[in-house]
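S.K.: Residue numbers (the working numbering), protein chains in the order written: chain Z, 180 to 503; chain P, 180 to 503; chain F, 180 to 503; chain Y, 180 to 503.
Built from N, CA and C at the ideal position, the CB exists for glycine as well.
This is the structure I have questions about; it appears just below.
Written out as structure tokens, the structure reads:
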């Protein structure tokens with residue numbers, strides 16, 4: 180399988196199937212369509228599937244809401260509730276009385292601030308449990324929340340900060356939130372991915388970091404993310420494919436050129452584009468121009484969904500009150 | 180001349196010369212190279228030049244500082260001083276005792292907030308003149324400053340707000356600041372354009388607005404801008420050109436394809452890309468991911484330069500004190 | 180009447196009555212108590228009342244919501260709706276198809292940013308009317324909105340900016356929003372005053388500015404405000420009164436001292452405190468420490484209330500969608 | 180000694196001496212006056228001094244700069260340099276190759292955000308040492324930096340977060356920064372206290388927390404703070420003292436009242452005021468109204484001073500480049 184980068188399992192699946200026109204062995208896919216949104220569950224079942232799709236064994240659920248960029252309050256609430264159900268489905272066999280929520284990403288970069296903004300808005304309760312010297316409560320979970328920043332801000336690996344806190348707080352469960360990249364602009368700020376395999380901070384941009392997962396932290400890690408940017412090389416690649424595709428049908432010479440490019444593996448073409456784009460790359464992103472406003476909205480939807488899922492005594496009408 | 184959009188006169192000139200391999204009639208170009216920066220003066224001398232280059236008669240000066248994205252304080256001060264000199268050269272025949280500075284753009288969008296951020300940092304003095312009932316002062320100009328927002332925020336045309344204020348304040352001169360778009364990523368946040376022909380807010384994104392200039396406002400308008408984004412279609416177009424160019428030298432078939440594409444006018448190719456990119460376009464920008472941080476830095480450089488130029492009694496060592 | 184400063188007509192009335200133990204001639208007072216809030220309508224009926232209470236002839240309505248600092252969403256919506264009703268009662272004989280909303284105050288000072296924050300959140304529609312070339316619409320008013328800043332930021336008198344915009348936009352009605360000061364901490368961020376007499380920006384801090392009202396602007400001006408600070412001299416004065424009051428009952432000598440202080444007019448005592456406090460004064464405020472968070476909440480409540488009142492086609496469930 | 184609360188050792192000393200008119204046993208005081216600032220070193224030498232002054236044994240150095248609220252760049256640089264010298268004098272016998280800087284306080288509350296704002300601006304270098312696999316460097320220290328938030332934001336005790344990070348990073352030295360309260364408005368935002376005894380987060384507002392110090396963390400802790408608020412009860416108390424003092428000289432009866440109040444211990448009077456002020460207290464602060472702007476300035480001064488002290492290879496002209 181080629182290695183065009185994407186943070187979304189659903190896109191890894193799509194890439195494979197575009198190339199191979201077959202089902203993926205060791206991977207199951209289930210899609211539920213609703214009026215305003217769809218839910219796709221990709222399960223990587225075994226090592227074979229894992230090696231084909233390039234992702235750890237586990238469950239990857241994607242909620243797609245095409246109109247989320249322009250949603251009214253009803254649709255936002257619908258998404259918060261759907262998200263809370265999906266989250267609870269992944270948590271159903273896990274202990275979840277003490278939860279630590281971690282907002283990954285760099286708060287100084289608009290498109291990377293999703294995690295920290297959710298942390299600003301999530302309902303934190305652990306200090307009530309400390310103050311009232313209580314172990315648990317039926318109506319609410321014991322929730323702590325923190326944004327560790329990024330290595331360039333703190334000089335400390337995200338993993339080290341999170342591990343230090345996990346050791347002190349000893350949660351049953353860690354939930355990590357991060358901004359992702361997508362291959363397709365239409366998925367940006369309209370798609371939520373939730374997975375039970377943990378997350379490697381900054382992995383989307385080619386850095387090698389220690390992952391946050393059960394093996395490294397000793398507690399189950401649910402991660403959720405929303406694409407906020409498209410990779411620039413991906414955008415050029417996809418646009419060229421469309422253009423050459425249209426030429427192919429029009430001119431003999433286009434057809435020949437197309438077959439020439441076709442002989443290049445996808446990977447070679449992508450590498451060629453990356454090389455050409457090199458002066459653009461690294462720090463360049465392709466993003467909606469009002470991404471900071473979109474992320475404000477999305478962080479409220481996610482925070483509401485977390486509050487609904489974790490605090491069963493608090494309904495949708497009430498969780499909004501905890502949101503600033 | 181083809182109509183690939185750019186806010187920079189220096190790029191209009193480059194596009195013309197790439198296509199026509201000749202000097203532009205009615206347009207003079209002068210380049211001064213310094214160690215850390217270059218200054219290019221494009222003068223549109225007559226109607227002929229204006230119609231070829233698609234810009235009003237007037238002077239367009241571009242300061243390019245390739246290392247500005249990663250500048251130390253000395254380089255920043257150098258740029259502030261160079262900018263103040265260029266500005267004063269454009270002002271030398273103009274009355275400039277009472278100046279109104281206008282920061283164009285949408286403060287809610289990171290890449291569009293340059294103007295409002297400069298306004299936050301520029302030294303405003305008009306209220307001192309009012310309080311001390313003074314007409315003028317040798318050491319400082321009488322400066323008012325304002326960010327009018329954008330139509331989508333206020334419901335009011337920028338021109339109407341600015342005209343209303345000009346009528347009350349009656350400045351000798353208006354200086355307008357705006358974020359621009361460039362065709363080349365390497366110009367983003369490294370290039371300052373200063374011109375004496377005024378500016379049309381939002382013109383870069385295809386809207387038709389009333390311009391801010393001497394005809395419409397009754398006072399001379401100097402405008403200055405810094406590119407903060409690259410047009411997505413431009414980026415794809417330029418990348419394709421580079422890729423096809425590299426193929427041209429390598430394969431017979433590439434050469435043929437190249438000549439096919441070459442037969443398409445540049446304009447047709449660009450339109451094709453725009454069409455394909457359509458779902459991406461409109462709200463999508465290509466920008467450095469830390470654009471909000473870069474714009475903070477640039478707004479200090481511009482504000483310092485304005486303070487140096489307008490307040491001769493205040494040196495570089497002191498203007499910094501007015502900066503937050 | 181003594182001149183302890185307050186922005187609230189309800190407090191002017193209280194001060195008069197504390198001193199004089201009588202009704203105020205030429206001023207009517209009406210109080211409606213509800214479960215969670217009360218509404219007090221003070222009408223200054225004639226010149227006699229105006230001179231006694233030190234305020235222009237007109238209607239001053241105060242909504243007091245003691246628990247507003249710690250409100251859930253239901254209470255916030257209740258206040259938005261109550262506020263919209265009170266606003267509409269003041270507007271009932273006024274043309275209100277084209278409305279200009281002005282957010283007074285300095286956005287750089289947490290306690291003074293109420294007006295600008297409401298402007299950030301109010302539903303602006305005037306550009307739709309321009310784009311669709313429409314004069315009016317049954318479901319929504321034609322609303323423009325703007326924050327003019329303060330003299331220290333722009334170098335331009337607030338009145339001049341507002342007058343310039345009124346001349347261009349020609350609204351039927353202007354609504355001005357401002358942060359106020361109160362004599363009592365318990366009113367801070369729990370009280371909304373709405374009045375039809377206009378407003379003088381910065382009047383609360385002793386500056387003399389041109390007012391925003393029908394005489395100066397040519398259109399009716401509704402102003403609304405929420406106290407966000409207590410005057411430091413007021414706080415000391417009130418605390419001393421309470422302490423000396425408690426001493427009065429306890430010790431002979433306290434009684435004598437009290438009568439000595441009592442012989443000082445209230446005004447003299449207040450001046451004495453102001454003099455002593457002088458090094459503290461000017462820039463010092465007494466405010467809740469989380470005033471920036473409180474003002475975020477209050478700006479949503481006010482923006483929602485304005486949207487409900489001005490856009491009859493949009494209900495409470497929907498206006499929230501326009502809020503960021 | 181009475182227990183009027185203050186975060187400043189210099190004020191504890193003043194209170195003692197106002198009451199007792201004697202030197203404090205076991206405490207040495209040294210004052211150096213400069214043109215624009217003074218440096219007062221209070222050393223608590225033994226248990227006797229510690230019990231009198233109510234503070235741990237150690238050194239407390241206070242830099243007072245009366246004009247700091249309105250400083251130009253030269254004065255700001257002077258303060259950064261003086262602060263760096265004082266800091267180095269406290270560090271002279273300590274290992275300081277690996278430093279962890281902690282910004283205490285709540286970033287959502289303007290007057291409490293000093294620590295987090297310094298962290299935003301301090302030069303972090305630890306990741307360079309990691310990337311280049313280097314142990315030490317002559318021109319710069321290995322610096323990590325972090326703002327742990329407060330219990331109400333994270334649900335986690337500040338101590339637990341800091342301890343977790345100290346265990347991972349294993350610094351030679353921890354420097355903690357916090358906003359303080361003062362008894363006197365003139366010290367607010369004009370005074371820096373640096374001490375080698377560590378700090379107890381939130382101690383100023385009556386909470387009991389685990390301190391950050393060598394005993395609890397295993398590394399030396401230098402703490403530095405700047406007063407940003409005055410306690411409301413303190414302000415009333417001090418104002419009353421001044422008023423009654425002025426009455427004392429004027430009227431027989433004032434004199435008698437004064438002696439009555441004088442018979443009340445200072446502590447009783449303070450308690451009385453606190454009781455009367457109770458509805459005001461808790462969340463109410465007395466602060467300069469532009470405290471957020473002042474704290475921006477102060478955080479740059481402190482960050483520059485830290486950079487100068489910790490990175491000997493970087494001079495004053497250059498550290499500014501690291502400041503945003």
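Please state whether DSSP places residue 196 (chain F) in a helix, a strand or coil.
M.R.: Here residue 196 (chain F) refers to the residue found at position 17 when the third chain is read from its first residue. Residue 196 (chain F) falls in the helix class under three-state DSSP.
S.K.: Check residue 202 (chain F) in the structure and name its three-state DSSP category.
M.R.: Within the third chain, residue 202 (chain F) is the residue found at index 23, counting from 1. It is coil, neither helix nor strand.
S.K.: Taking 7 Å as the threshold (beta carbon to beta carbon), is residue 413 (chain F) in contact with chain Y?
M.R.: Along the third chain, read from residue 1 onward, the residue named residue 413 (chain F) stands at position 234. Not one chain Y Cβ lies under 7 Å of residue 413 (chain F).
S.K.: Just list the residues that DSSP pairs residue 325 (chain F) with in beta bridges.
M.R.: Position 146 of the third chain, counted from the start, is the residue given in the question as residue 325 (chain F). Answer is F:281, bridged to residue 325 (chain F).
S.K.: Would residue 283 (chain Y) be called buried (16 or more neighbouring beta carbons within 10 Å of its own) or exposed?
M.R.: Residue mapping note: residue 283 (chain Y) aligns to position 104 of the fourth chain, counting from 1. Buried.
S.K.: Give me the Cα-Cα distance between residue 230 (chain Z) and residue 252 (chain F), rounded to the nearest whole angstrom.
M.R.: Taking the first residue of the first chain as position 1, residue 230 (chain Z) is located at position 51. Taking the first residue of the third chain as position 1, residue 252 (chain F) is located at position 73. Looking at the two C-alpha atoms, the distance is approximately 49 Å.
S.K.: Considering only C-alpha positions, which residue in the set Z:220, Z:216, Z:480 and Z:271 is nearest to residue 192 (chain Z)?
M.R.: Locating residue 192 (chain Z) in the first chain gives position 13, counting from the first residue. When each option's Cα is compared against that of residue 192 (chain Z), the closest is Z:220.
S.K.: From the DSSP output, read off the bridge partner residues of residue 223 (chain P).
M.R.: As a working mapping, residue 223 (chain P) is identified with position 44 in the second chain. BP columns for residue 223 (chain P) point to P:206 and P:237.
S.K.: Assuming residue 380 (chain Z) and residue 357 (chain Z) are in contact, meaning their beta carbons sit under 8 Å apart, how far apart are those beta carbons, in whole angstroms?
M.R.: Here residue 380 (chain Z) refers to the residue found at position 201 when the first chain is read from its first residue. Here residue 357 (chain Z) refers to the residue found at position 178 when the first chain is read from its first residue. The Cβ separation is near 7 Å, so the contact holds.
S.K.: Are the CB atoms of residue 413 (chain Z) and residue 470 (chain Z) nearer to each other than 7 Å?
M.R.: Here residue 413 (chain Z) refers to the residue found at position 234 of the first chain. Here residue 470 (chain Z) refers to the residue found at position 291 of the first chain. No; because the gap between Cβ atoms is not below 7 Å, this pair is not in contact.
S.K.: Can residue 396 (chain Z) and residue 345 (chain Z) be called in contact, C-beta distance under 7 Å?
M.R.: Taking the first residue of the first chain as 1, we reach residue 396 (chain Z) at position 217. Taking the first residue of the first chain as 1, we reach residue 345 (chain Z) at position 166. Yes, the pair counts as a contact, with Cβ atoms nearer than the cut-off.
S.K.: If you check the beta carbons only, do residue 319 (chain Y) and residue 492 (chain Y) fall under 7 Å apart?
M.R.: For the purposes of this step, residue 319 (chain Y) is taken as the residue at position 140 of the fourth chain. For the purposes of this step, residue 492 (chain Y) is taken as the residue at position 313 of the fourth chain. Closer than 7 Å, so yes.
S.K.: Smallest Cα separation from residue 156 (chain Z): which of Y:475, Y:208 and Y:332?
M.R.: Because chain Z is modelled from 180 through 503, residue 156 (chain Z) falls outside the range shown and cannot be assessed.
S.K.: Is the separation between the beta-carbon of residue 486 (chain Z) and that of residue 266 (chain Z) shorter than 7 Å?
M.R.: Here residue 486 (chain Z) refers to the residue found at position 307 of the first chain. Here residue 266 (chain Z) refers to the residue found at position 87 of the first chain. In this structure, residue 266 (chain Z) does not lie closer than 7 Å to residue 486 (chain Z) by Cβ.
S.K.: Give me the subset of the segment 224 to 251 of chain Y whose CB atoms are less than 7 Å from a CB atom of chain F, sorted by chain position.
M.R.: Within the segment 224 to 251 of chain Y, no residue has a Cβ that lies closer than 7 Å to any Cβ of chain F.
S.K.: At a CB-CB cut-off below 9 Å, which residues of chain Z make contact with residue 342 (chain Y)?
M.R.: Here residue 342 (chain Y) corresponds to residue number 163 of the fourth chain, with the count starting at 1. What residue 342 (chain Y) touches in chain Z: 343 and 347.
S.K.: Note down, one range per segment and in chain order, each beta strand (DSSP E) of at least 3 residues found wholly within the segment 394 to 425 of chain F.
M.R.: Taking only runs of at least 3 residues, the beta strand (DSSP E) segments lying wholly in the segment 394 to 425 of chain F are 400 to 409.
S.K.: Could you tell me if residue 370 (chain F) is buried or exposed, where buried requires 16 or more neighbouring beta carbons within 10 angstroms of its beta carbon?
M.R.: Within the third chain, the letter at position 191 stands for residue 370 (chain F). With 16 or more other Cβ atoms within 10 Å, it is buried.
S.K.: Who are residue 299 (chain F)'s beta bridge partners in DSSP?
M.R.: On the third chain, position 120 is the one that residue 299 (chain F) refers to. According to DSSP, residue 299 (chain F) bridges with nothing at all.
S.K.: Give a yes or no on whether 7 Å exceeds the smallest Cβ distance from residue 334 (chain F) to chain P.
M.R.: Indexing the third chain from 1 puts residue 334 (chain F) at position 155. Judged by the 7 Å Cβ criterion, residue 334 (chain F) is in contact with chain P.
S.K.: State yes or no: is the beta carbon of residue 357 (chain F) nearer than 7 Å to at least one beta carbon in chain Y?
M.R.: Locating residue 357 (chain F) in the third chain gives position 178, counting from the first residue. No, no contact with chain Y.
S.K.: For residue 372 (chain Y), does the count of other Cβ atoms within 10 angstroms reach 16, so buried, or fall short, so exposed?
M.R.: For the purposes of this step, residue 372 (chain Y) is taken as the residue at position 193 of the fourth chain. Classification for residue 372 (chain Y): buried.
S.K.: How far does the beta strand (DSSP E) with residue 354 (chain Y) in it extend, from its first residue to its last?
M.R.: One-based indexing of the fourth chain puts residue 354 (chain Y) at position 175. First-last of the beta strand (DSSP E) with residue 354 (chain Y): 352 to 361.
S.K.: Since residue 222 (chain P) contacts residue 207 (chain P) with CB under 8 Å, what's their CB separation in whole angstroms?
M.R.: Numbered from its first residue, the second chain carries residue 222 (chain P) at position 43. Numbered from its first residue, the second chain carries residue 207 (chain P) at position 28. About 5 Å; that satisfies the 8 Å criterion.
S.K.: Any idea which residues DSSP pairs residue 505 (chain F) with across the strands?
M.R.: Given that chain F is displayed from residue 180 to residue 503, the structure contains no residue 505 (chain F) and the question cannot be resolved.
S.K.: In the DSSP assignment, what residue or residues form a beta bridge with residue 211 (chain F)?
M.R.: As a position in the third chain, residue 211 (chain F) is number 32, starting the count at 1. Beta-bridge pairing links residue 211 (chain F) to F:218.
S.K.: So, does the CB of residue 462 (chain P) fall closer than 7 Å to a CB anywhere in chain Z?
M.R.: In the second chain, counting from the first residue as 1, residue 462 (chain P) sits at position 283. So, interface residue.
S.K.: Put residue 288 (chain F) into one of helix, strand or coil per three-state DSSP.
M.R.: Taking the first residue of the third chain as 1, we reach residue 288 (chain F) at position 109. In this structure, residue 288 (chain F) counts as coil in the three-state DSSP scheme.
S.K.: Using C-beta distances below 8 Å, list every residue in its chain close to residue 393 (chain P), excluding the 5 sequence neighbours before and after it, in chain order.
M.R.: Here residue 393 (chain P) refers to the residue found at position 214 when the second chain is read from its first residue. 377, 399 and 400.
S.K.: Since residue 367 (chain F) is in the alpha helix (DSSP H), which residue starts that stretch and which ends it?
M.R.: Numbered from its first residue, the third chain carries residue 367 (chain F) at position 188. No alpha helix (DSSP H) contains residue 367 (chain F), which DSSP labels as neither H nor E.
S.K.: Roughly how many angstroms separate the alpha carbons of residue 277 (chain F) and residue 254 (chain Z), rounded to a whole number?
M.R.: To locate residue 277 (chain F), count along the third chain from 1; it is residue 98. To locate residue 254 (chain Z), count along the first chain from 1; it is residue 75. Those two C-alpha atoms are separated by around 31 Å.
S.K.: Residue 304 (chain P) touches chain A at which residues, Cβ-Cβ below 9 Å?
M.R.: The structure shown has no chain A; the protein chains it does contain are Z, P, F and Y.
S.K.: At the level of alpha carbons, what is the spacing between residue 476 (chain Y) and residue 477 (chain Z)?
M.R.: For the purposes of this step, residue 476 (chain Y) is taken as residue 297 along the fourth chain, with counting starting at 1. For the purposes of this step, residue 477 (chain Z) is taken as residue 298 along the first chain, with counting starting at 1. Taking the straight line joining both Cα atoms gives about 33 Å.
S.K.: Could you list which residues in chain Y have their beta carbon closer than 7 Å to that of residue 465 (chain F), in chain order?
M.R.: Along the third chain, read from residue 1 onward, the residue named residue 465 (chain F) stands at position 286. Going along chain Y in sequence order, the residues near residue 465 (chain F) (Cβ under 7 Å) are 411, 463 and 465.
S.K.: At a CB-CB cut-off below 9 Å, which residues of chain F make contact with residue 325 (chain P)?
M.R.: Walking along the second chain from the start, residue 325 (chain P) turns up at place 146. Correct list: 327, 328, 332, 333, 334, 335 and 340.
S.K.: Assign residue 383 (chain Z) to one of three DSSP states: helix, strand, or coil.
M.R.: For the purposes of this step, residue 383 (chain Z) is identified with residue 204 of the first chain, where counting begins at 1. Unreliable positioning characterises residue 383 (chain Z) in this predicted model, as indicated by a pLDDT of 45, which lies under 50. The coordinate reading is nonetheless provided below. Looking at residue 383 (chain Z) - three-state DSSP - the assignment turns out to be helix.
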